[in-house]
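In this note's numbering, the protein residues as written are 8 to 485. The beta-carbon is built from N, C-alpha and C at its ideal position, and this holds for glycine as well. The structure displayed is predicted, hence computed values, not measured ones.
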Ligand code: BGP
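In C-alpha cells, the structure reads:
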C-alpha cells in the first residue's frame, strides 16, 4: 500500500500580517490587515479607515517574527521541517503598491529569512499575497475591483521573482482566493472596502463588485504563473483554496442539489479557473441568477488558459452541512458556517473536527484535477495553558493532527498524489478571523496575549516533540 513519499514536504505555515509585526518598520506601508482591530469569538473585529489612537491593532506587533526570525527558524529546524510556508508582505516591497521601484530594506529582510531557511535545509514555500494588499490600493481603487491592481501585482511579482530566484522554488499566488466568492472576502482578500469603517461582519456586499474583483485576481494570478513559467522554468507555481467541505444535511435530493451548488461556487469555481484555465460551465447560471456580469478585456481568456498552475494547495479545518435550514442548528467556520453535523464534535470556536472529511476532500480534488496536491493549512485553534513549570500539555492538538495525518495517509493509499503538509500557525500567531492571540495553533507557544502584552518568549509545547517524531519517521510514528 502506498504511503507518504520519501521527499514529502513536512513543515508549517504562517502569514506575514499574522506573525511578523514591525508593521511600519524600514519603509513598510499599511496593508488591509494593519487597519484591522482585535476582536473575539463573539465580538467581531473592525476595519478602520485611519489608525485610531488607543486601539489595539494586533498585526502591528503580532509575535514580532521580524526580530525573532533566526530563533524561530532554528526551532522549526529542530522539529525537522523540510519546508516553511510563509508569505511576503507586499507592503514591505511596495509600500503603497504603486511605487515603480521596490523598497530595498523590505527585499533585504526576506533575503535574510530565506538565507536562514537555506542554512537549515528548509525549502521556503511562499504565498505572494496572503490577506495583506496595500491599504493605499483600497483607498485609490477600491482594492481588487480596480483593474489597475493587475499590473501593480505583476510588478510586485517581477521584483520578488527576480530577487529570490535561486532561493525560492515553490510559490502560491493568492491565499484562499475563493474567499472572494463569499462576502467575508471583501475585507482581507479583495480589499473592496473603500471608505468603510466598522465590523468586518457588516461590510456592504455587492456580488457584482466582488466577482469582478475576483476576475482581476484570476488574471493577475495567471499572469504571474505565465511570467514564472516563461522566465524561471525551475519555479513551481500553485494556487491556494480554502476548502470548506460540505455534506448534504439529509439524503433528500433537494439537500444534495443545494450542496452541489454550494460546492461548485465556494470550493470548485476558483480552482476550475486556475487549474483548467477557463470559467466553468456552471458559472453562467450562477452569474445570471445573481445579476453578475463579468467585464473581461480582450486577451483575458487567453491569459487564463496560459497561466494554469502546476499544483493545487488548500486549507482544511472543518466540514459542515447544507440543507433545509429549519431542520438543523448552525455551526461556525473560517469564512462561512453551515449546519451542524450530529456525528462530529467542534473546537471551542465552533469549527467542526472532521479528519475523514480530509480524506474525502483529497480524493475529490485529485479525482477532478490529477495534479499534485498539498495541504498547506490544517490545525486546531485552541486555548492553551502555560503551566507554572513552563510546559504546555496540548494533547488535544496532537489528537487533532494525528487523526488528520492518518486520513492523509489513507488518501495517499487511495491514490492521491500528495506533496506535503504544512499545519497552520506552527508558531502561535494572531487569528485571521478574530484578531485574537488566545486562539493558538502552534507547536511553539509565544508569550503574547489578547491585550497586546507579553514578553514574546518562545516555548516548546508537548506537540513540538510529537511533531518532530512524526517528521523523523515520515509519518509512520503518530
Ligand atoms: C485561514 C487563513 C489563515 C488562518 C487560518 C485560521 O482561513 O488562511 O490566515 O488564520 O484560516 O483561521 P483563524 O486564524 O481565524 O483561526
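| Top-ranked residue by Cα proximity to residue 34, from 183, 359 and 141 | Here the closest residue by C-alpha is 141.
| said: Please classify residue 292 as buried or exposed, where buried requires at least 16 other C-beta atoms within 10 Å of its C-beta. | reply: Result: exposed.
| Cβ-Cβ separation, residue 93 to residue 131 (assumed contact under 8 Å), whole Å | The C-beta distance from residue 131 to residue 93 rounds to 7 Å, short enough to meet the 8 Å contact threshold.
| field | Validate contact between the segment 394-403 and the segment 456-463 using beta carbons, cut 8 Å, 3 pairs | value | Touching, no, given that fewer than three Cβ pairs across the two stretches are closer than 8 Å.
| Neighbourhood of residue 137 by C-beta, 6 Å cutoff - its chain only, sequence neighbours within 5 removed | Excluding positions up to five away in sequence, the list reads 22, 94 and 182.
| Residues bridged to residue 17 (per DSSP) | According to DSSP, which records beta bridges pairwise, residue 17 is partnered with 428.
| Within 10 angstroms of its Cβ, does residue 390 collect 16 or more other Cβ (buried), or is it exposed? | The residue is exposed, with fewer than 16 neighbouring Cβ atoms inside 10 Å.
| field | Enclosing alpha helix (DSSP H) for residue 289 [first to last residue] | value | Counting along the chain, residue 289 falls outside any alpha helix (DSSP H), and DSSP gives it neither H nor E.
| Do the segment 43-63 and the segment 170-182 touch if we need at least three Cβ pairs shorter than 8 Å? | Short answer: they don't touch.
| query | For the candidate residues 121, 247, 96 and 366, whose alpha-carbon lies nearest to that of residue 532? | reply | Any property of residue 532 remains undetermined from this structure, which presents the chain solely from 8 to 485.
| message | Just list the residues that DSSP pairs residue 381 with in beta bridges. | response | Residue 381 is bridged by DSSP to 320 and 427.
| residue 320 versus residue 383 - alpha carbon distance | Computed Cα separation, rounded: 6 Å.
| message | Is residue 446 a contact residue of the ligand BGP, with contact defined as CB to any heavy atom under 6 Å? | response | It does: the Cβ of residue 446 is within 6 Å (strictly closer) of some heavy atom of the ligand BGP.
| query | For the ligand BGP, is there a heavy atom less than 6 Å away from the beta-carbon of residue 136? | reply | No, the beta carbon of residue 136 sits no closer than 6 Å to any heavy atom of the ligand BGP.
| query | Considering residue 24, what are the terminal residues of the alpha helix (DSSP H) in which it resides? | reply | In this chain, the alpha helix (DSSP H) harbouring residue 24 covers 23-26.
| task | Kindly indicate the opening and closing residues of the alpha helix (DSSP H) around residue 86. | result | 72-86 is the span of the alpha helix (DSSP H), which, as asked, contains residue 86.
| task | Assign residue 119 to one of two classes, buried (16 or more other C-beta atoms within 10 Å of its C-beta) or exposed (fewer than that). | result | Exposed: under 16 other Cβ atoms inside 10 Å.
| Can residue 458 and residue 449 be called in contact, C-beta distance under 7 Å? | No, these two residues do not count as a Cβ contact at 7 Å.
| field | Chain-order list of residues whose beta-carbon lies under 8 Å from that of residue 239 (same chain, five-residue window excluded) | value | Within its own chain, the residues whose Cβ lies closer than 8 Å to the Cβ of residue 239, once the five positions on either side in sequence are excluded, are 168 and 172, listed in chain order.
| Beta-carbon separation of residue 228 and residue 266 under 7 Å? | No, Cβ-Cβ distance for residue 228 and residue 266 is not below 7 Å.
| query | Is it right to say residue 186 is buried, meaning 16 or more other beta carbons lie within 10 angstroms of its own, or is it exposed? | reply | Result: buried.
| query | What residue from 233, 394 and 419 has the CA that sits closest to residue 244's CA? | reply | Of the candidates 233, 394 and 419, the one whose C-alpha sits nearest the C-alpha of residue 244 is 233.
| Alpha-carbon to alpha-carbon, residue 218 and residue 485 | Approximately 42 Å between the Cα atoms of the pair.
| request: Could you tell me the distance, in whole angstroms, from the CA atom of residue 451 to the CA atom of residue 13? | output: For residue 451 and residue 13, the gap between their C-alpha atoms comes out near 26 Å.
| How about residue 100 and residue 113: are their beta carbons less than 7 Å apart? | Cβ distance < 7 Å, so residue 100 and residue 113 count as in contact.
| task | Express the C-alpha separation of residue 9 and residue 52 in angstroms, rounding to a whole number. | result | So the two alpha carbons sit approximately 45 Å from each other.
| field | residue 387, DSSP secondary structure in three states | value | In this structure, residue 387 counts as coil in the three-state DSSP scheme.
| query | Are the beta-carbon atoms belonging to residue 492 and residue 414 less than 7 Å from one another? | reply | Summary: the structure shown does not reach residue 492, with the chain confined to residues 8 through 485, and so no result is reported for it.
| residue 126 to residue 139, Cα distance in whole Å? | CA-CA distance, residue 126 to residue 139, rounds to 28 Å.
| task | Over the uninterrupted beta strand (DSSP E) stretch that includes residue 7, give me the two end residues. | result | As displayed, the chain neither begins before 8 nor continues past 485, which places residue 7 out of reach and without an answer.
| said: Under 8 Å, with one C-beta from each stretch per pair, do the segment 362-374 and the segment 320-330 reach the 3-pair mark? | reply: Taking 8 Å as the limit for Cβ pairs, the verdict is that the segment 320-330 does touch the segment 362-374.
| message | Please identify the residue among 360, 398 and 316 whose C-alpha is closest to the C-alpha of residue 248. | response | Nearest neighbour of residue 248 by Cα position, chosen from 360, 398 and 316, turns out to be 316.
| field | Reference residue 225; option with closest CA among 62, 151 and 26 | value | Checked all of 62, 151 and 26; the closest Cα to residue 225 is 151.
| request: Give every residue of the same chain whose Cβ lies closer than 7 Å to the Cβ of residue 445, excluding the five residues on either side of it in the sequence, and list them in chain order. | output: Closer than 7 Å at the Cβ level, and outside the excluded window around residue 445, lie 390 and 457.
| said: For residue 207, report the span of its alpha helix (DSSP H) as first-last. | reply: Premise fails: residue 207 is in no alpha helix (DSSP H) and is neither H nor E.
| said: Taking 7 Å as the threshold (C-beta atoms), are residue 166 and residue 199 in contact? | reply: Against a cut-off of 7 Å, the Cβ pair of residue 166 and residue 199 comes out as no contact.
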